[in-house]
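Trainee: Chains A and B supply the protein sequences, listed in that same order. Under the numbering used here, the first residue of the first sequence carries the number 924, and numbering increases by one thereafter. Under the numbering used here, the first residue of the second sequence carries the number 39, and numbering increases by one thereafter. Using N, Cα and C, we set each Cβ at its ideal position, and we do this for glycine too.
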Amino acid sequence: MNSFWIATIGTSVIAFALKYAGHNVPERIFAHPKVQSINALIPIALLSALIAVQTFTEKSQLMIDHRLAGVSAAVIALVLKAPFPVVVLSAALTSAAIYNWL
Amino acid sequence: MSRIESTTFRDSLSVSITVGAYGTAFGAAAVANGFSLLQTCLLSLLTFSGASQFAVIGVLGAGGGALSGIATASLLGIRNGVYGVIMAPRLKVKGFKRIIAAQITIDESTAVALGQEVRGEKAMRQGFWLTGFGVFLFWNLFTLAGALGAQAMGDIRAWGLDSAVPAAFLGLVWPRLKTNRDRFLAVGCMVFALAMTPILPAGLPIIATAFIAVVVGLRK
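Written as structure tokens, this is what we have:
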């Protein structure tokens, strides 16, 4: 079994376990404000790190290429309050244009 | 539509189709990052949580190991557990129905349910089930479409797919950046992850930022 299969099954099992556990614990466990605060901050930290790594690295090396143009287009779309699909599409189109023609 | 409030129905359907269509991006990105068609579809059916799914394919696509991918995806999945805590007293289901409810407990079903609060508990339950099943249906159909499309594409960079993934993460994190503390955390984690990338094994720089979030959260 290769790492892609382990990741697929492991992620799925834990994802469900977390959801199901939530339905079975008393609500007061999450009443503490610091727990709520950390719960709101973890997605920000992980997603930001993923954005940086996916945009600026290639095989553990730092790199600036067409992806920066794509993600910049996404930033502009978000600043202009574009809906989600437009954000992703503008990034893809910009990135593809730079990759194919530069 | 005698028994379901039309506003609740409309909210659920529009969220289901919009979010579901975004499954195309996941399906394409997963195949582009080296997952097979079957693995891609299983992730959408079984994991069924967008951010976690993108995280695991992102980590493995960047050369990270299975454990790094699972850990990152699972840290992002914790919030679904919190939604479960919020929804359980309102859904009041047991046994098999609770298993089904748990599987469709995600950002969107919880958000639509909470959005129906003014219309009463019944509307909240309807919003949860309709949105949960709706997103599940469309997310999985569009995942398959995206994965098949990506298989036909060849060089994914020529189609901009390698930028679509970070752009999708950006779209997920953007609405969460409400205070200056949130923004500093986001930028700090980006810098940290990049600085650690040449040093740590792939995947670890991403997981490590969860600890930064805990420290910031405890400091207040």
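Is the shortest distance between the beta-carbon of Ile999/A and the beta-carbons of chain B less than 8 Å?
Mentor: no
Trainee: My output table needs one value for Leu1070/A: the three-state DSSP class, helix, strand or coil.
Mentor: This structure cannot settle anything about residue 1070/A, because the visible part of chain A is limited to 924 through 1025.
Trainee: Does DSSP put Gln154/B in a helix, in a strand, or in coil?
Mentor: Three-state DSSP puts Gln154/B in coil, outside helix and strand.
Trainee: Beta-carbon of Asp200/B versus every beta-carbon of chain A: anything under 8 Å?
Mentor: yes
Trainee: Let me know the secondary structure DSSP gives Glu981/A once reduced to three states.
Mentor: strand
Trainee: Against Gln141/B, what residues of chain A qualify as contacts under a CB-to-CB distance less than 7 Å, listed in chain order?
Mentor: Phe939, Lys942
Trainee: Gln91/B: buried (16+ other C-beta within 10 angstroms of its C-beta) or exposed?
Mentor: Under this definition Gln91/B is a buried residue.
Trainee: Is Trp928/A close to chain B, meaning its C-beta is less than 8 Å from at least one C-beta of that chain?
Mentor: yes
Trainee: Does any CB atom of chain B fall closer than 8 Å to the CB of Ile987/A?
Mentor: no
Trainee: Which class does Glu43/B belong to by DSSP, given the choice of helix, strand or coil?
Mentor: coil
Trainee: Are the beta-carbon atoms of Ser989/A and Ser1018/A separated by less than 8 Å?
Mentor: Correcting the residue type first, residue 989/A is His in the shown sequence and not Ser. Against a cut-off of 8 Å, the Cβ pair of Ser1018/A and His989/A comes out as a contact.
Trainee: Tell me, please, whether the CB atom of Leu1016/A is closer than 8 Å to any CB atom in chain B?
Mentor: It does; some Cβ of chain B falls within 8 Å.
Trainee: So, at 6 Å on beta carbons, what are the nonlocal neighbours of Ser40/B in its own chain, with the 5 sequence-adjacent residues on each side left out?
Mentor: Caution applies to Ser40/B, whose pLDDT of 44 falls short of 50 and renders its modelled position unreliable; the value that the coordinates give is listed next. If we look at Ser40/B and ignore the five residues flanking it on each side, it has no Cβ neighbours.
Trainee: Chain B partners of Leu964/A, CB-CB under 7 Å?
Mentor: Leu223, Ala251, Val254, Gly255
Trainee: If you pair each beta-carbon of the segment 934-952 of chain A with each one of the segment 184-197 of chain B, do three or more pairs fall below 8 Å?
Mentor: no
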